[in-house]
Amino acid sequence: MDSQKVRLALEERGIDYTSFHVNPITGKNMDSLFFRMNPSAKLPVLQNGSEIIYDTVEITQYVERIAIVSSGGSEISCGEVVQWIKTIQEWNPKYFTLAHIPDKYRLFVSKFIRRVIIARMAEFPNLASAYHCKLREEWETEDKLRNPEVLRQSKEHLISLLDEVETKLSGTPFLVGEEFSMADVFLMPILARLELLNLQDEYIYSRPNIAKYWEVVKQRPSYKKVVGKYFKGWKRYKTLFKTWCFLQVRSMLRRY
Numbered sequence: 000m001d002s003q004k005v006r007l008a009l010e011e012r013g014i015d016y017t018s019f020h021v022n023p024i025t026g027k028n029m030d031s032l033f034f035r036m037n038p039s040a041k042l043p044v045l046q047n048g049s050e051i052i053y054d055t056v057e058i059t060q061y062v063e064r065i066a067i068v069s070s071g072g073s074e075i076s077c078g079e080v081v082q083w084i085k086t087i088q089e090w091n092p093k094y095f096t097l098a099h100i101p102d103k104y105r106l107f108v109s110k111f112i113r114r115v116i117i118a119r120m121a122e123f124p125n126l127a128s129a130y131h132c133k134l135r136e137e138w139e140t141e142d143k144l145r146n147p148e149v150l151r152q153s154k155e156h157l158i159s160l161l162d163e164v165e166t167k168l169s170g171t172p173f174l175v176g177e178e179f180s181m182a183d184v185f186l187m188p189i190l191a192r193l194e195l196l197n198l199q200d201e202y203i204y205s206r207p208n209i210a211k212y213w214e215v216v217k218q219r220p221s222y223k224k225v226v227g228k229y230f231k232g233w234k235r236y237k238t239l240f241k242t243w244c245f246l247q248v249r250s251m252l253r254r255y
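Using numbering that gives the first Met the number 0, you'd call the opening residue of the sequence shown number 0 and step up by one each time.
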C-alpha cells in the first residue's frame, strides 16, 4: 500500500521513473539483491543515483523537491497537508488486512514466506542475522493476529481516521481545500484496500462525503494507472490468481 502512495505521488507530480515490481506475497523482497539494499525488506524503496530512501513520507517529500527543481517552481506541501499525511500514516493496515483474509490462504502464504527466509538464510550466511530478524517478525505477526485486542485497536484506529476524514470532507472537496494534494495521495490507497477486501459498504459508502470523494478520485489518471490497472473489477482477480498460482507451483516444486 505504501508503494501505491509513492507511485501515485510520482504520477501526480509528473516525474519520470522506472518501476520495479517486487511482490512481497511471493517473498521477492527477501531476494538477496533487494535485501542487501534494504535489510528491513519493506516496500517501497526509491533509488535515484546513489540516493536510496526507504521511508514512505521521506520518499514523497523527496519527490516533491524533484518536482520543484524540474518545474522551477517553489510550491511544496503546506503544514496542513503534512499533518494529514502523518495522521494517515499512523494507521498500520497490516493486521486489519490480514485479519480479513481467510485463514487457509493467510497461513499458506505465511508458511511460504518463512520457508523463503530460511532458504535465503542458508544461501547467504553473511546475511543470516538480518534474515533471522525477518523470520522473528513473521512469527510475531502470527502471534498478534491471535490477539483480539490488537485487531480491535487496529479497527478502531481506522474508524476514527475515516470519521475524521468524513468530517473534513463535509466542507471541502479534497482533504486540504479545493485542490488535490499529497494528503489525498496518502488516503487513496486506504480506500482502495477497503474496496479490495469488499469492505466498501461498511467503511466507505456508509460515509456519504467519503463515498462522493472516492468516486471522484477514482477518475484521476494516477489512480487508473497505479491501482485500477491491477485491482479494478475483474483485474483484481487476475492479479490475485496469478500470484496464487505462482505460490502453488513453487510450493509443489519446493523452490523457495
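Cβ atoms here follow ideal geometry from the backbone N, Cα and C, with glycine treated the same way.
Residue i classed as buried or exposed, judged by whether at least 16 other C-beta atoms fall within 10 angstroms
i: W83; result: buried
i: R219; result: buried
i: S169; result: exposed
i: W138; result: exposed
i: Y236; result: exposed
i: P188; result: buried
i: R64; result: exposed
i: A191; result: buried
Among the options, nearest to residue i - alpha-carbon criterion
i: P92; options: L196, G227, T242, D200; result: L196
i: R253; options: A98, I112, N28, P43; result: I112
i: E340; options: A121, I158, F107, S159; result: Outside the shown range of the chain (0 to 255) lies residue 340, about which nothing can therefore be said.
i: S153; options: V216, T96, N22, T17; result: T96
i: N22; options: R12, S2, R64, R192; result: S2
i: E89; options: R114, V56, A121, E11; result: V56
i: N146; options: T238, A98, P124, G176; result: A98
i: V164; options: Y212, K133, N47, D30; result: Y212
i: D183; options: F173, Y130, E177; result: F173
i: S31; options: K223, N47, A129, V216; result: A129
i: I116; options: I65, A40, Q60, L9; result: A40
i: K4; options: I87, G176, L126; result: I87
i: R114; options: K234, I24, Y229; result: I24
i: F185; options: S221, P101, L134; result: S221
Run of the alpha helix (DSSP H) containing residue i, from where it starts to where it stops
i: N47; result: That residue, N47, is in no alpha helix (DSSP H); its beta strand (DSSP E) goes 45-47.
i: V115; result: 102-122
i: V80; result: 78-88
i: K27; result: Taken as a continuous stretch (DSSP letters only), K27 belongs to no alpha helix (DSSP H), as it is neither H nor E.
i: M251; result: 233-252
Run of the beta strand (DSSP E) containing residue i, from where it starts to where it stops
i: E50; result: 50-52
According to DSSP, residues forming a beta bridge with residue i
i: G176; result: F173
8 Å contact criterion, which residue i and residue j should meet: CB distance rounded
i: Y202; j: L150; result: Actually they do not touch by this definition, with Cβ atoms about 15 Å apart.
i: S180; j: V80; result: 5 Å
i: I51; j: V44; result: 7 Å
Residue i at chain B interface by Cβ criterion, 8 Å
i: L246; result: Included in the structure is just one protein chain, with no chain B present.
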